[in-house]
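Okay, structure first, notes after.
Residue numbers (this note's numbering), protein chains in the order written: chain A, 31 to 447; chain B, 31 to 447.
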């Protein structure tokens, strides 16, 4: 089954917003075994939109639109599809009732412009929208199914989960599924990684293996197409094994795992509690860790020490140490990690201090970063990095390195780091 | 001048990565007065890619491709354009020399596969790539200019800044520019905001006014098309004035400003220093503030207090207060704000404590959030919010509210908050 996605809205073409829906829908469709061949963004322009609809009808079995279902005159998706297919739009009384409920709850009458949202394709499908005024709609003609979904993420995602996925599952014309397994690497560059699995990459067909590098991490995605999930997983297994045999030492996680979820899981498993002392990363590591549900069982807290005074008062770093070695130093990283561990009374203390830029500091070049790791009953260690890139990139890479060092320690014990 | 953007890579169609380049390039092109009519993503498939190239040639004057210039067999963009246009690719000696320099620096010889990257269009343009092995290339045929740029952001953005923007500026066929002004609102919902400027939205033509809601913020973008920037700004000014007259009380910033840049600027201007005590936001506010260059002049640091013990030890919140009222309470927010201000010896202390979910805590429902604001010489205040959404959404909205309250205080003084 060939699918394509069409995002509608002039704000996309102006670059005001990034089309994240298409990537999300693509992942969902790939899990349903539906191949996506094109993403298109087009503005709120009737002629160009109709041209895109016509073309999609000639080349795809499934076309999913996001956006352009709002109440304003700019919202044209449904009208344009109706015109291209020459299909009638008819009033849908449950949607009228839903509109009435929404507006009466706010003590308002329905604005005339909103009524058009309650019109749906004659002979088509309707997906209810508990989070907004636009129902989703679908219609099939000449072998192509057109699915029109609202643009706001708070409406799109729940609607897809509740009704659209199962609709697609029932209607997909496919003999199989696409199943992917992702291996996540840290501490090895993409080119070095690819070099060591080059023969596997060159001979790939099914499963396929796709490398991807992002912010210091590299992933390998192994994707198999098969009649069912179990068969696909059986095809993936030996490829995964072979990759792990060659470069498994750099794997920190698989599939949706991230450095922060792996760190939290490892802490919970070992029943260890962590505290942080962040300087140049400014709270980034704390923010990542606490974005994981259940982090409170593994993370006691952190200090963002953006001044020497804060390093002294809140982490107990000695003024003479700071004066002698500077805030960006091996010694400071060690003292910060120990300070965090002591002040929060935790098992581990992790610290980051460095120069994120844009300007050098203490005579140290931008990108100089020290990471400290203190652990009860083990000597405190520090690591010196020299990172390239923008301020934000240096912060992100420093935070990832720190989490990588932490999870290596938790995995392999004290002797290895 | 009609432009379209084509992002090439199967990873886009699998949803492994989000196409952020097209939004960025769209903003750049709009500043050059070049209208973008389509974004397309297509996979590493020769036939479909060639079909997209052919279509783009029929409908656009400028086609910018990102991705598919790498060394592997999957990287097809240049070869596909050459085939569609029937143009020859020729060896480019400066690019060969650049390749040799890159690999000899690493002590390696050039892998045979990389040589194809040094081939460029005969009679075309070459954009050098100091950050990678693929030069950018451009070629014009039958009135359409095809620009091919590398996909990695670390290569694409500098190449655009250094050479591509000026190339486009020289080659654009346009009589004017598009200029935008963005007004940024907080504390008012999109529907309420739109209601109060509805007549302006309905009668818009040039300038246009586009509302957009995102994570608790709403923006209005006023865009004028004119012969030159000064004229466009003159057209925008009265519209901006009228909007400010009606709903200016909710404006916190304009254009690229964010709540965090506005907060840092206001602190610097008033020569005030801030400290934070974050519980449910887990370092998010600290991370935002420290992502602003120059934050160290305004921000002393923060404590991420993810346990009661941390609130007691690092912020001096009394155990009896926590026992009596709980960690998520007005009283705790007040004490945390005062604790942060005292421990960091800062002018202001800002605190957030709440239930981000997924589960309720202390019998308080998910979304309950308290924000505290302490200031030297003023009574400490606390604010109670009830936020909806996912864990991550609640954290983001709580952080934004806290920064909004802070900047209101800095702008209007103590009496208003």
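For each residue, glycine too, the CB sits at the ideal point set by N, CA and C. Everything numeric in this text was worked out from a predicted model, so none of it was measured.
query                                                                                                                                                                                            : result
Taking Cβ positions, are residue 440 of chain B and residue 296 of chain B nearer each other than 8 Å?                                                                                           : yes
Hey, would you say the C-beta of residue 31 of chain A is under 7 Å away from at least one heavy atom of the ligand MG?                                                                          : In terms of ligand content, the structure shown is empty, and the ligand MG therefore cannot be addressed.
For residue 11 of chain A, which residues of its own chain have a beta-carbon under 7 Å away from its beta-carbon, when the five flanking residues on both sides are left out?                   : No statement about residue 11 of chain A is possible, as the shown extent of chain A runs from 31 to 447 and does not include it.
Since residue 68 of chain B meets chain A, which of its residues come closer than 9 Å, beta carbon to beta carbon?                                                                               : 43, 70, 71, 72, 73, 78 and 82
Below 8 Å on the Cβ atoms is my guess for residue 243 of chain A versus residue 45 of chain B; work out the distance and round it to an integer in Å.                                            : Wrong, their Cβ atoms sit about 17 Å apart, outside the cutoff.
Going by DSSP, name the residue or residues bridged to residue 379 of chain B.                                                                                                                   : B/305 and B/404
Is it buried or exposed for residue 90 of chain A, if we count other Cβ within 10 angstroms and need 16 for buried?                                                                              : buried
Any beta-carbon of chain B closer than 8 Å to the one on residue 49 of chain A?                                                                                                                  : yes
Leaving out five residues on either side along the sequence, give the residues of the same chain with a beta carbon under 7 Å from the beta carbon of residue 113 of chain A.                    : 80
Taking the C-alpha atoms as reference points, what is the distance between residue 344 of chain A and residue 419 of chain A?                                                                    : 30 Å
Give me the DSSP bridge partner(s) of residue 65 of chain B.                                                                                                                                     : B/32
Relative to the C-alpha of residue 416 of chain A, which candidate in A/408, A/428 and A/422 has its C-alpha closest?                                                                            : A/428
Checking 8 Å against the spacing of the C-beta atoms, do residue 214 of chain A and residue 58 of chain A come in under that value?                                                              : no
Going along chain C in order, which residues have a C-beta closer than 8 Å to the C-beta of residue 388 of chain B?                                                                              : Here chain C cannot be found, since the structure's protein chains are A and B.
Below 8 Å on the Cβ atoms is my contact criterion, and I expect residue 182 of chain A with residue 162 of chain A to pass it. Report the Cβ-Cβ distance as a whole number of Å.                 : 6 Å
Using alpha carbons as the reference points, say which of A/339, A/119 and A/312 lies closest to residue 426 of chain A.                                                                         : A/312
What are the residues that DSSP puts in a beta bridge with residue 211 of chain A?                                                                                                               : A/252
Could you tell me the distance, in whole angstroms, from the CA atom of residue 67 of chain A to the CA atom of residue 442 of chain A?                                                          : 43 Å
If residue 325 of chain A sits next to residue 294 of chain A, beta carbons under 8 Å apart, how far is it from one beta carbon to the other, in whole angstroms?                                : 5 Å
Between the alpha carbons of residue 35 of chain B and residue 239 of chain B, how many angstroms are there, rounded?                                                                            : 24 Å
Closer than 8 Å, CB to CB, is residue 443 of chain B near chain A or not?                                                                                                                        : no
Taking the beta carbon of residue 385 of chain B as the centre, do at least 16 other beta carbons fall within 10 Å, making it buried, or is it exposed?                                          : buried
Since residue 301 of chain B meets chain A, which of its residues come closer than 7 Å, beta carbon to beta carbon?                                                                              : Correct list: empty, because the minimum Cβ distance to chain A is about 15 Å.
With a cut-off of 8 Å on the beta carbons, I'd call residue 42 of chain A and residue 69 of chain B a contact; round off their distance for me.                                                  : 7 Å
Give me, in chain order, the residues of the same chain whose beta-carbon lies closer than 6 Å to that of residue 346 of chain A; leave out the 5 immediate sequence neighbours on both sides.   : 369
Which same chain residues end up closer than 8 Å to residue 284 of chain A when comparing Cβ atoms and leaving out the 5 residues on each side of it in sequence?                                : 211, 212, 213 and 214
Expressed to the nearest angstrom, what Euclidean distance is found between the alpha-carbon atoms of residue 340 of chain A and residue 314 of chain A?                                         : 17 Å
Please state whether DSSP places residue 371 of chain A in a helix, a strand or coil.                                                                                                            : helix
Is it the case that the region 113 to 124 of chain A contacts the region 136 to 143 of chain A, given that we only count it when at least three CB pairs across the two stretches are under 8 Å? : no
Quick one: complete alpha helix (DSSP H) runs, 4+ long, within the region 126 to 171 of chain A?                                                                                                 : none
From what residue to what residue does the alpha helix (DSSP H) around residue 87 of chain B run?                                                                                                : 76 to 89
According to the Cβ coordinates, are residue 374 of chain B and residue 407 of chain B closer than 8 Å?                                                                                          : no
For residue 363 of chain B, which residues of its own chain have a beta-carbon under 7 Å away from its beta-carbon, when the five flanking residues on both sides are left out?                  : 381, 383, 400, 401, 402 and 412
What is the rounded straight-line gap between the Cα of residue 229 of chain B and the Cα of residue 275 of chain B?                                                                             : 14 Å
Which runs of the alpha helix (DSSP H) fall wholly inside the region 268 to 323 of chain B and span at least 4 residues, in chain order?                                                         : 289 to 300 and 314 to 320
Can you give me the start and stop residues for the beta strand (DSSP E) that residue 330 of chain B sits inside?                                                                                : 329 to 335
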